[in-house]
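Read through the structure below, which is laid out as structure tokens, and then see the notes.
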Amino acid sequence: MDDRVRLLLVTFPVQGQINPSLQFAKRLVKMGVSVTFVMAFSALNRITKSASSTPQGLTFSGYSDGYDDGSKLADPMGKETMANVSKAVEELIKSEAERGQPFIHVVYTTFLPWVGQVARALNVPSTFLWIQPATILAVYYYFFNGDRDAIRSNTNNPTSAVELPGLPLLTGNDLPSILNDSSAFDWGALPLLEEHVGILNDETNPKVLVNTFDALESGALRAIEKLNLVAVGPLIPSAFLDGKDPRVAATDAGCGVL
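When we follow numbering that gives the first Met the number 0, the leftmost residue of the sequence shown carries the number 0, and every step to the right adds one.
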């Protein structure tokens, strides 16, 4: 029996989240953690077909988003996908516990707030992995906690500036354009982000893993008093840093096939 500590990592099925999540998983594996990486079959099938090798301690599992062959862009934020993700996570946690190899922790990325709720219902600790900079997380947090009008009034004005607690002055060019996109509520992005922020608000000093490092965003990492932001970045292939990771080829760094 593998005596490694076991962790479940669940990611949203888009390249911008899969790539940094994969780098995070590989770091954990190098530390002796066994990681089960969960994503939609539409993305997983392409990764497993193209991957030359998988590090020992890293396994993959999937859920259906309705387009398992990857032929079309699915509706990954729909209720059916939400139900499929929840079911897959619940079944994995239960089945591995029954095998005597329980997951001791669940980590999940943006747009998957219900994963943390499923884990908590099964008495498994969970942590949110934010794959963007800490500054962007702080902007979203303040947007959904009273500063919506101030932020929106500046998103289309590159010369104006908005002041948010703990952050430097930000111009319209610094702000996520999605915050002024009325259709973002229709296709589900902003409601899911708002739900996620609400869940974090209901917790006591929750820890959030952030794709950054202290020397880059020391202020932003401490900008939100209610959240304990922990830098775990940069989550990019080592081929782009020192090239010393023999398991990540420069030509196949970070699932570039997606």
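Note that the Cβ used here is the ideal one computed from N, Cα and C, for glycine as well.
Residue i, buried or exposed, once every other Cβ within 10 Å from all chains shown has been counted against 16
{"i": "PRO112", "result": "buried"}
{"i": "ASP64", "result": "buried"}
{"i": "GLN14", "result": "exposed"}
{"i": "PRO19", "result": "buried"}
{"i": "ASN153", "result": "buried"}
{"i": "ILE103", "result": "exposed"}
{"i": "ASN204", "result": "exposed"}
Coil, strand or helix - residue i by DSSP
{"i": "PHE59", "result": "strand"}
{"i": "ARG5", "result": "strand"}
{"i": "PHE23", "result": "helix"}
{"i": "ASN210", "result": "coil"}
{"i": "ASN227", "result": "strand"}
{"i": "GLY255", "result": "Caution applies to GLY255, whose pLDDT of 32 falls short of 50 and renders its modelled position unreliable; the value that the coordinates give is listed next. GLY255: coil per DSSP, three-state reduction."}
{"i": "PHE11", "result": "coil"}
{"i": "ALA39", "result": "strand"}
{"i": "SER217", "result": "coil"}
Contact check, residue i vs residue j, beta carbons under 8 Å
{"i": "GLU90", "j": "LEU121", "result": "no"}
{"i": "ARG151", "j": "LEU169", "result": "no"}
{"i": "VAL161", "j": "VAL9", "result": "no"}
{"i": "THR340", "j": "PHE11", "result": "Nothing about residue 340 can be read from this structure; the chain reaches only from 0 to 257."}
task: Would you be able to state if there are at least three C-beta pairs under 8 Å between the segment 37-48 and the segment 126-137?
output: no
- prompt: Any contact of the segment 188-198 with the segment 142-150, i.e. 3+ C-beta pairs under 8 Å?
  reply: yes
query: At a cut of 8 Å, does the segment 77-85 reach the segment 19-31 through at least three beta carbon pairs?
result: no
- prompt: Would you call the segment 209-217 and the segment 225-238 in contact, with 3 or more CB pairs under 8 Å?
  reply: yes
- request: Please list the segments of the alpha helix (DSSP H) lying wholly inside the segment 144-188, counting only runs of 4 or more residues, in order along the chain.
  value: 147-151 and 182-185
message: Taking contact to mean 3 or more Cβ pairs, one atom from each stretch, closer than 8 Å, check whether the segment 160-172 and the segment 194-203 are in contact.
response: no
field: Inside the segment 112-146 only - beta strand (DSSP E) runs reaching at least 3 residues
entry: 125-129
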